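Using full-length UniProt numbering, the first residue of the sequence shown is number 1, and each one after it goes up by one. For each residue, glycine too, the CB sits at the ideal point set by N, CA and C. Bear in mind the structure is a predicted one, so any value in this text is a computation, not a measurement. Notes follow the structure.
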Amino acid sequence: MIYTPTPIHDIYTHSKSNHTLGRHQPGQSHPWPSQCPACASQCDPYSDHFFKCRSGFQWIHRHNALVSAFARIAREAKADVRKEQLVRNYGVSLQQFTTKKRMDLVVRMPDGAQTFLDVSVTHPCHRDDPGRRENRTNQTSGAALRAAEADKIRKYGDIANQTGFSFISLACETFGRWSPATETFLHKLAKGVRENHYKNDPSMSTGLIVSRWWCVPSIALKRYNAWLVSAKTNPDKKTDTTRPFPADEV
């Protein structure tokens, strides 16, 4: 199984909703709503708002799915993995209002190295509000990803330094661009697997292991992106709490 990075302009399809995602106008049976059914914000014709909307619970499930994907990979590499850990349990001195701060993953590598991992998704396009300075990241390739990574390092870097752990931001863009730190992390895990379990097997390379692993978070990201948009544009009373379409879009 070979992983191939997906270009930003590709279109993703969810098997159940048959909604297409991406920056192109999806071919739905009805037009996009003029307002978001979840938060009543104005919607853009390229669906960028739906990927950034924090109303509803779908974006939380997407985050949790990616956390589980990387936990699975680390366990396959024989690393000790713990999810949703309070950082105060690791000897970190925090102010009272931050005592509930959590780390997505705490990983002890097979070589003994200990790492804090934080998973985040950022959307690189802002057709809904392009004028704001912070929304100009789509003008430079990878700018949104670098900004998200820097923000996480600013938030958690000092915490990791207090414990002697390293910190890695497993950041990605909505359309599947992953941070270089994520690539380095997977290659480090795969190299250990190769040396410890497949040293005498020429058919099993580090690159092959990484290629297989890449499929896990990539598929999770696409599936939950599809669900996120589907839930907001076609609310189902049985499974979703978003409000129905405004009358002008029904």
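The residues Asp118, Ser120, Ser169, Ala171, in chain order, have a CB closer than 7 Å to that of Lys152 in the same chain once the five nearest residues on each side in sequence are set aside. In the displayed model, Thr174 falls within coil according to three-state DSSP, outside both helix and strand. Within a 10 Å sphere around the beta-carbon of Arg102 sit fewer than 16 other beta-carbons, which makes this residue exposed.
Just measuring C-alpha positions, the residue of Cys43, Gly56, Phe165, Thr182 sitting nearest Leu228 is Gly56. Secondary-structure assignment with DSSP links Thr115 through a beta bridge to Val107, Ser166. Secondary structure of Asp151 (DSSP, three-state): helix.
Glu195 and Ile209 have their alpha carbons spaced roughly 12 Å apart. Between Ala38 and Lys232 a beta carbon distance of about 5 Å is seen, short of the 8 Å cut, so the two are scored as contacting.
In this structure the stretch 64-83 does not touch the stretch 42-52; the number of beta carbon pairs closer than 8 Å is below three.
For Val229, the three-state secondary structure derived from DSSP is helix. Shortest Cα-Cα distance from Leu86 to any of Trp214, Phe51, Phe116, Ser211 involves Phe116.
Proximity to Val106 across Ser93, Ser211, Ala79, Ala226 peaks at Ala79, based on C-alpha coordinates. Taking C-beta separations shorter than 7 Å and ignoring five residues to either side along the sequence, the partners of Gly142 in its chain run Arg177, following chain order.
Each residue's CA atom was taken as its position, placing Phe167 and Asp201 some 32 Å apart. In the DSSP annotation of this structure, the continuous segment of the alpha helix (DSSP H) that includes Val193 starts and ends at 180-197. Residue nearest to Ser93 within the set Asp158, Glu84, Ser68 is Asp158 (criterion: CA-CA distance). Contact annotation: Ala150 and Glu173 have beta-carbon atoms that are not nearer than 8 Å. Gly192 and Ala71 have their alpha carbons spaced roughly 16 Å apart.
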